[in-house]
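Residue numbers (our numbering): 563 to 964.
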């Protein structure tokens with residue numbers, strides 16, 4: 563294939579699936595160029611070999627590499643852009659070099675990304691050498707900013723891969739995050755511990771995230787609490803076969819089974835949570851589940867308390883309960899942007915009073931009322947116990963399966 567020669571135009575092509583281990587990056591460029599209206603790209607067991615090198619560091623505004631050269635003949639061309647691409651499904655992606663695809667093929671309108679990661683040590687295959695090419699120039703595009711990405715689904719066969727794949731990628735409007743570990747099919751194994759959120763993302767403050775699903779991970783209760791504190795807008799939370807989930811469910815009450823689920827500081831994890839689903843978690847007890855629902859229901863109907871307590875030594879305020887590790891606060895511009903989106907109000911210099919009347923900062927102290935609780939395959943929660951929740955909390959929809 564000769565890259566600069568125009569191919570057959572495919573203006574009606576919306577979905578493209580590539581399943582060829584020997585494919586070249588220049589071939590992918592040509593297909594994308596011929597299909598300007600491409601919406602969905604599926605790279606099935608395909609990592610295009612790099613037969614191009616970058617020759618310029620950045621474009622006019624200094625954001626992305628723009629010029630590349632083919633290794634075969636040295637001809638230079640502009641980096642093509644998949645301007646209409648909205649969905650990318652990539653299997654066997656190299657974790658440490660996933661970001662490179664978005665530098666080599668910009669996708670400004672990408673909305674959903676599904677990744678099935680290879681092992682942690684996997685490299686990007688090269689066309690003429692064994693070492694990754696042009697990484698020094700490509701580093702100028704880091705961190706890669708996926709400004710439109712809202713849905714991210716990740717599957718891994720090596721938990722160490724999660725510490726590499728997101729480190730050089732920013733997703734400022736991410737709303738849905740699903741992370742799954744794929745255990746071996748024909749052998750039993752101990753489920754790996756979910757890595758810390760700070761070790762996975764370059765910025766762990768996922769303040770726009772509303773849907774989180776974790777599958778086949780062992781949870782560290784303290785780390786899970788801190789992870790959920792970084793997600794104040796979360797409304798849907800799912801745990802699928804996650805050992806030690808009981809302590810995390812207790813944490814949603816602000817207390818634990820030991821103290822009767824009391825929340826002395828009135829600081830809530832995931833204050834907007836509405837839907838909770840727990841599947842195949844044998845350590846979940848009815849006491850944890852019922853105590854959490856009761857505590858949040860009581861707080862929902864109670865008057866709004868003060869957001870902080872006074873320090874006896876300094877007279878200053880202490881924002882909530884102590885934490886084993888400091889949680890980074892949102893920068894002001896990000897916090898204000900989140901408030902504007904939540905209020906659906908366009909701010910102007912004279913709109914300050916209108917916004918103040920709509921947004922209630924104390925609402926974050928009182929948790930939202932749970933609407934749905936799904937318990938499936940949790941042996942320590944019986945059907946009778948689950949049914950009793952419907953009578954105690956009439957507004958709660960309870961689903962139970964053995």
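Using N, Cα and C, we set each Cβ at its ideal position, and we do this for glycine too. As the structure is a prediction and not an experimental result, all values here were calculated from the model.
Do you know how far the Cα of residue 610 is from the Cα of residue 582?
-> Between residue 582 and residue 610, the C-alpha separation is close to 8 Å.
Could you give the DSSP three-state label for residue 795: helix, strand or coil?
-> Coil at residue 795, not helix or strand.
Looking at the structure shown, is residue 742 part of a helix, part of a strand, or coil, going by DSSP?
-> Three-state result, residue 742: strand.
Apply the 10 Å Cβ neighbour rule to residue 925 and answer buried if 16 or more other Cβ atoms are within range, or exposed otherwise.
-> Unreliable positioning characterises residue 925 in this predicted model, as indicated by a pLDDT of 47, which lies under 50. The coordinate reading is nonetheless provided below. With fewer than 16 other Cβ atoms within 10 Å, it is exposed.
Can you grab the Cα-Cα spacing for the pair residue 813 / residue 787, in whole Å?
-> Answer to the nearest angstrom: the Cα atoms are 7 Å apart.
According to the Cβ coordinates, are residue 744 and residue 781 closer than 8 Å?
-> Taking 8 Å as the Cβ cut-off, residue 744 and residue 781 do not qualify as a contacting pair.
Segments assigned beta strand (DSSP E), at least 3 residues, entirely inside the stretch 825-851 = Those beta strand (DSSP E) runs which fall completely within the stretch 825-851 and span 3+ residues are 837-841.
Alpha carbon of residue 714 to alpha carbon of residue 733, nearest angstrom = Roughly 9 Å separates the two Cα atoms.
From residue 651 to residue 842, what does the alpha carbon distance come to, in whole angstroms?
-> For residue 651 and residue 842, the distance between alpha carbons rounds to 27 Å.
Does the Cβ-Cβ distance between residue 667 and residue 642 come in under 8 Å?
-> For residue 667 and residue 642, yes; Cβs fall inside 8 Å.
So the beta strand (DSSP E) residue 715 belongs to, where does it begin and stop?
-> Its beta strand (DSSP E) spans residues 713-718.
Quick one: Cα of residue 578 to Cα of residue 586, how far?
-> Rounded to the nearest angstrom, the two C-alpha atoms are 15 Å apart.
DSSP three-state call for residue 803: helix, strand or coil?
-> Coil.
Do residue 777 and residue 802 have their CB atoms nearer than 8 Å?
-> Their beta carbons are under 8 Å apart, which means residue 777 touches residue 802 by this criterion.
For residue 730, which of helix, strand or coil comes out of DSSP?
-> Note: residue 730 maps to coil in three-state DSSP.
Option in 716, 955, 727, 710 with minimal Cα separation from residue 663 | The shortest C-alpha separation from residue 663 is found at 727.
Paired residues, beta bridge with residue 963 - DSSP = DSSP output for residue 963 lists 938 as bridge partner(s).
Terminal residues of the continuous beta strand (DSSP E) containing residue 654?
-> Counting along the chain, the beta strand (DSSP E) containing residue 654 begins and ends at 649-655.
In the DSSP assignment, what are the bridge partners of residue 748?
-> Answer is none; residue 748 lacks a bridge partner.
On the three-state DSSP scale, how would you describe residue 856?
-> Residue state for residue 856 is assigned as helix, using DSSP reduced to three classes.
Three-state secondary structure (DSSP) at residue 658?
-> In the three-state reduction of the DSSP assignment, residue 658 falls in the helix class.
Closest by CA to residue 707, which one among 799, 685, 730?
-> Of 799, 685, 730, the residue nearest in Cα terms is 730.
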